[in-house]
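Participant: Following this note's numbering, the residues of the sequence shown are numbered contiguously, the last one being 554. The beta carbon of each residue, even a glycine, is placed where N, CA and C say it ideally should be.
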Amino acid sequence: MDETPKTKLSGRALKPGMCNKCKVETPSIIVKRAEFCRSCFLDSVGHRFRGNLSKSSIPEGSKLMVAFSGGPSSRALLQTMNDYCRVDPENSRKKRKFPEFCVCYVDQSSILDSHASDASKITAIVNSYQRELFIVSLEVVFEEHAPALLKTHIGVDDTISASSSFNIELEKNAKKVDSRLLVQQMFGTLSSMTSKEDLLHYLTLHTLVREAKAQGCAGILLGDTATSVAINVISNTCKGRGLSLPADIMDSEWYQDVHILRPMRDILSKEIGIFNRLSKLETVAHSSLTTFMAPKASISRLSQDFIVGLEKEFPATVSTVARTAFKIQTNHLSKKQCPLCEGYDQLD
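1. Drop a sphere of 10 angstroms on the beta-carbon of K382, count the other beta-carbons inside from all chains shown, and report buried for 16 or more, exposed for fewer.
2. What are the boundary residues of the alpha helix (DSSP H) that Y335 is part of?
3. Return the residue from the list L259, P521, S504 and R337 that minimises the CA-CA distance to S397.
4. Looking at the secondary structure, which residues open and close the beta strand (DSSP E) in which L427 lies?
5. In angstroms with no decimal places, state the Cα-to-Cα distance between L487 and K238.
6. Who are the near neighbours of S260 in its chain, counting only those whose CB is closer than 8 Å to its CB and skipping five residues on each side?
7. Within 10 angstroms of its Cβ, does L356 collect 16 or more other Cβ (buried), or is it exposed?
8. Is D472 helix, strand or coil when you go by DSSP?
9. Here's a check: name, in chain order, each residue in its chain whose Cβ is nearer than 7 Å to the Cβ of T413, leaving out the five neighbours to either side.
10. Could you tell me the boundaries of the alpha helix (DSSP H) in which V230 lies?
11. Would you kindly work out how many angstroms separate the C-alpha atoms of L622 and A282, rounded to a whole number?
12. So, using beta-carbon positions, are C423 and L284 closer together than 8 Å?
13. Cα separation between D289 and T410?
14. Hey, which unbroken runs of the alpha helix (DSSP H) at 4 residues or more fall wholly within the stretch 227-294?
15. Is G425 buried or exposed, if buried means 16 or more other CB atoms sit within 10 Å of its CB?
16. Please list the segments of the alpha helix (DSSP H) lying wholly inside the stretch 508-537, counting only runs of 4 or more residues, in order along the chain.
17. Would you call the stretch 498-514 in contact with the stretch 434-446, where contact means no fewer than 3 C-beta pairs closer than 8 Å?
18. Which residues does DSSP pair with L467 in a beta bridge?
19. Only counting the same chain, and skipping five residues up and downstream in sequence, which positions put a Cβ closer than 6 Å to that of P521?
20. Taking the alpha-carbon positions, what's the T358 to F274 distance?
21. Which residue or residues does DSSP assign as beta-bridge partners of Y311?
22. With 16 other CB atoms within 10 Å as the buried threshold, where does T286 fall?
23. Who does S316 pair with in a DSSP beta bridge?
24. At the level of alpha carbons, what is the spacing between H253 and I480?
25. If I follow the unbroken alpha helix (DSSP H) through M499, where does it start and stop?
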């Protein structure tokens, strides 16, 4: 007697009109053609964050520092890190790998006037979490090893020129230096917006590393998302920084014994926006060097326009670029370290 074979449905089988994860609730969020309910989406973001953080090689119990600018990505980073450190009410004996963290905000108002009023907003947000906050001005980079920072080139003609002229300025004002004015003069000598963006990034990162070491933090958490990683892959390759891609987009141990962690590198910027809206998180809106400028204003700005444009038509673009870049391995660790960007000199 013939029997009709029974079809065994997988537990992962999608149910039309239901959340792709729990298969119970009605979906309200669509990301990369996948549908989620509110609860499952928030859990997904938190799960990816915890998974990436747990992969870190930093010793258990180490203190971490959250780099906070108030923007969407760092705002979500602060929330997820706070949730991570919170004691589980159902299992109070369960310990987190990193139970303690502080927050650092780098004040860039010496270069970006629109940031002048951000400090008070940043303070209010961080205080709501009852976390220790350190506000550091960008110009503190001149308080320690200023000559070394400015005597070394980083492969950009404009920056080399700025370093030479600026070093002379330092010698003339050795006794009394207005650090804020010096920062402005340094950026004023750069004719390329790409050079200005790079210099701002390097000085900000140097300031974060300096403060992390001062506060006894073993690692710095950055809010880099999968979208920003994809943009950096394109822009850094165009700038000739392909050698240092592993350190620029993944977790890195090469910044003066301070680990750089990117626990949100698997999360899209679109997901960050949805997460902040669902969690009702207030962000601090501020401009960048290329805000309201044409896409061709800088290499990074053009790369951003390119990736975001592709993402609208091809949702898997960012994930594909990011996943491919994560597999890249270079010999950057064998190179001489640059005192400005904390990276390794590709011209060595």
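Facilitator: A quick look at the data gives this:
1. At K382, the pLDDT of 43 sits below 50, so the modelled position is not reliable; the number obtained from the coordinates is stated separately. Result: exposed.
2. No alpha helix (DSSP H) contains Y335, which DSSP labels as neither H nor E.
3. S504
4. G425 to L427
5. 23 Å
6. K303
7. Note on L356: pLDDT 45, under 50, position unreliable in the model; the coordinate value appears next. L356 comes out buried.
8. coil
9. V312, V342, L344, V346 and V347
10. Note, V230: premise wrong, no alpha helix (DSSP H); not H, not E.
11. The displayed coordinates of the chain run from 207 to 554. Any statement about residue 622 would go beyond what the structure contains.
12. no
13. 26 Å
14. 244-260 and 278-291
15. buried
16. 523-531
17. yes
18. L427
19. K238
20. Bear in mind that a pLDDT of 38 at T358, under 50, signals an unreliable position, so the model cannot answer this.
21. I341
22. buried
23. Paired residue(s): none; S316 is not in a bridge.
24. 16 Å
25. Element bounds for M499: n/a, residue is neither H nor E.
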